[in-house]
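Chains as they are written, first to last, in our numbering: chain X, 1 to 326; chain U, 1001 to 1326.
Glycine is no exception: its CB is placed at the ideal position from the N, C-alpha and C atoms.
Each remark here refers to the structure printed beneath this line.
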């Protein structure tokens, strides 16, 4: 980890917890910068996310899950671009050195990094209110990235996995109104919140298939809105098609679940559009990636998102996506 | 700025202050990731730094200077690698939205970015205790990066610019013991602290000349120690040669200045080694870059750094470099 260092505790701490082999980097942690080589014909995809205690995660969150999540939200950005994740840097502000906490955090981070063959090549640690900044680097064949502006009238709108679980998980943890789930369903929702599974394989499989894509971090309606804005189109979405997990399906009519389904954040599923003629290719991509996908509506001319209920009536989404400064 | 966004205030805020043209990026701010193309034959140099209020800068620091500094410390890492800076991402946690503050911060960041032709290609803004994470990307011809492990016995040790100004500036701002500088000298030291000038041109000019390099962020003795450790050598440094500014030179014997000279952080000068036969090439590189350089000692066999005074007596450095967790 480069730069601000010092000779004592901090470097020891980094060496102990965060210096793993990075065989695909020309130079990893320990100099002023890492040195990487991007393969010929590839574009480098870069994204950064800052997670702050109290804003993005609750005080007392299990450190292993936090290590997982801080990388997962960045891997999800790679998935949304159809990029293959390669490397990451980690900058960490900690109120105090807690060896056990750091070990668990590093374990969670490293396990997910290993699963996605993502190498930690640099970073920074410092004293401060708990916050985590991960920057991630992926490769995508030039011209094949899944961007937001490619949706066209007539395209179908798809979403991976299920929606709303993470929002209900957060409600359960904070004591906000939530349906009376059983313990197993509650555990499922909290795990979706704390240990999201980025859809990296699906993003890669959708290269050349999807016309636009992003990940659902702020809520389905808000996030799809970004695709529509950038593409200059509208969409008609059938609320009853928005996929629910087995944990939430029995409570589909509960107002909290309806709200979470269309507006709950933190699910880190992929929302994407594809020409209707590509529906079979979409299903094959999902099968390859081992993820379910659901067609939830259609891109239409004009602007804006229309959400309709089972009777075809327009409904107002309960929650328009989370905005830290809204 | 990708990912965590939302539809309302945050995106407006980003658009207002941080969306500048990034003509050399294939895709800049506004999608899930930026898309960059690294030139053939180049390695990508990557570094990340997290600055936290109260740890790295004082509460109430002028926002334009903070914008400058948050990029400068990263540009300094590029300089230390001999890399040409190309792109950066910025993640910002703010306790509240303050349009004037953000405008000034963005102006300071942008002015320095423009000077070094560094494009902002992505980022994240969120609510939280004030902290700033910049990740920077540069290019360096493959194999020509200035690394830490190349110092060899007999090499000369060099440093750019002057040392200790920033540490005295910090002492002046915090009311710590400091010599009785006049107002102009005091302003100089505070400006060195708050608006460091990264030695990017010097780093590039030292490709193929320096045998090892890093930037002085934690203090000369501590930072040179990293080169020595990585290179498996020692050094003999003449304290009286460590360069002082015109502001500090009259107070060279003051204990605070002696301490700052060898141990003060935040100067962001380059410390580097080069074979004695390359001394002329070093001076030409410095001339090209418009920066002074001073030869301050020599690499020796063995381990550790020996600091000697004007009479050749070994002195103990007053301060071994700042360690946030030391």
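For the segment 1274 to 1282 of chain U against the segment 1182 to 1196 of chain U, do three or more pairs of beta-carbon atoms, one drawn from each stretch, fall closer than 8 Å, so that the two count as touching?
no
Counting only beta-carbon separations shorter than 9 Å, does residue 187(X) have a partner in chain U?
no
Amino acids of chain X, ordered along the chain, whose beta-carbon sits closer than 7 Å to that of residue 1205(U):
Under the 7 Å cutoff, chain X gives no residues; its nearest Cβ is about 16 Å from residue 1205(U).
For residue 76(X), three-class secondary structure by DSSP:
helix
Which of helix, strand or coil DSSP assigns to residue 1021(U):
coil
Short check: CB of residue 1135(U) to CB of residue 271(X), under 9 Å?
no
Let me know the secondary structure DSSP gives residue 267(X) once reduced to three states.
coil
Taking 6 Å as the limit between beta carbons, can you name the residues of its chain near residue 160(X), skipping five residues before and five after?
199, 202, 269, 270, 291, 293
Using the beta-carbon count (16 or more within 10 Å), is residue 1314(U) buried or exposed?
exposed
With which residues is residue 1101(U) paired in a DSSP beta bridge?
In the DSSP output, where bridge partners are listed per residue, residue 1101(U) has none listed.
Measuring straight from C-alpha to C-alpha, what distance separates residue 1172(U) and residue 1242(U)?
21 Å
Alpha carbon to alpha carbon, what distance is there between residue 1129(U) and residue 1101(U)?
15 Å
Where residue 1051(U) and residue 1070(U) are concerned, what is the direct C-alpha to C-alpha distance, given to the nearest angstrom?
7 Å
Would residue 1124(U) count as contacting chain X if we go by Cβ distances under 9 Å?
yes
Mind listing which residues of the segment 1164 to 1177 of chain U have their C-beta closer than 8 Å to chain X's C-betas, in chain order?
none
Which ranges would you report for the beta strand (DSSP E) in the segment 82 to 167 of chain X if only whole runs of at least 3 residues count?
84 to 94, 119 to 127, 131 to 141, 156 to 160
So residue 36(X) and residue 1046(U) are supposed to be a Cβ contact under 8 Å. How far apart are they, rounded?
6 Å
Within the 9 Å Cβ cut-off, does residue 1119(U) reach chain X?
no
Check whether the Cβ atoms of residue 81(X) and residue 145(X) lie closer than 9 Å to each other.
yes
Given this structure, state the Cα-to-Cα distance separating residue 297(X) from residue 227(X), to the nearest angstrom.
14 Å
Measuring alpha carbon to alpha carbon, tell me which of 193(X), 285(X), 240(X) ends up nearest residue 267(X).
193(X)
For the segment 1020 to 1043 of chain U, enumerate the residues whose C-beta is nearer than 8 Å to any C-beta of chain X, in chain order.
1026, 1027, 1030, 1031, 1032, 1033, 1034, 1035, 1036, 1037, 1038, 1040, 1043
Please classify residue 1061(U): does DSSP put it in a helix, a strand, or coil?
coil
Apply the 10 Å Cβ neighbour rule to residue 98(X) and answer buried if 16 or more other Cβ atoms are within range, or exposed otherwise.
exposed
Please tell me whether residue 128(X) has its Cβ less than 9 Å away from any Cβ of chain U.
yes
Is the shortest distance between the beta-carbon of residue 1215(U) and the beta-carbons of chain X less than 9 Å?
yes
Could you tell me the alpha carbon to alpha carbon distance between residue 164(X) and residue 92(X), rounded to whole angstroms?
29 Å
Less than 6 Å between C-beta atoms, sequence neighbours within five positions excluded: which residues of the same chain meet that for residue 170(X)?
193
So is residue 253(X) buried or exposed if we call it buried at 16+ other beta carbons inside 10 Å?
exposed
Which residues of chain U have a Cβ atom closer than 7 Å to the Cβ of residue 100(X), listed in chain order?
Per Cβ cutoff of 7 Å: no residues; residue 100(X) is ~15 Å from chain U at best.
Excluding the 5 residues preceding and the 5 following residue 1150(U) in the sequence, name in chain order all residues of the same chain whose CB lies nearer than 7 Å to its CB.
1211, 1212, 1231
For a contact defined as C-beta to C-beta under 9 Å, what are the partners of residue 235(X) on chain U?
Within 9 Å Cβ-Cβ: nothing; residue 235(X) doesn't reach chain U, min ~15 Å.
Please name the residue, chosen from 256(X), 152(X), 286(X), 295(X), that lies closest to residue 181(X) on a Cα-to-Cα basis.
256(X)
Helix, strand or coil for residue 1292(U)? Go by DSSP, reduced to three states.
coil
For residue 228(X), decide whether its Cβ has a neighbour in chain U, counting only Cβ atoms nearer than 9 Å.
no
Select from the segment 1147 to 1165 of chain U all residues with a C-beta closer than 9 Å to any C-beta belonging to chain X, and list them in chain order.
1147, 1148, 1149
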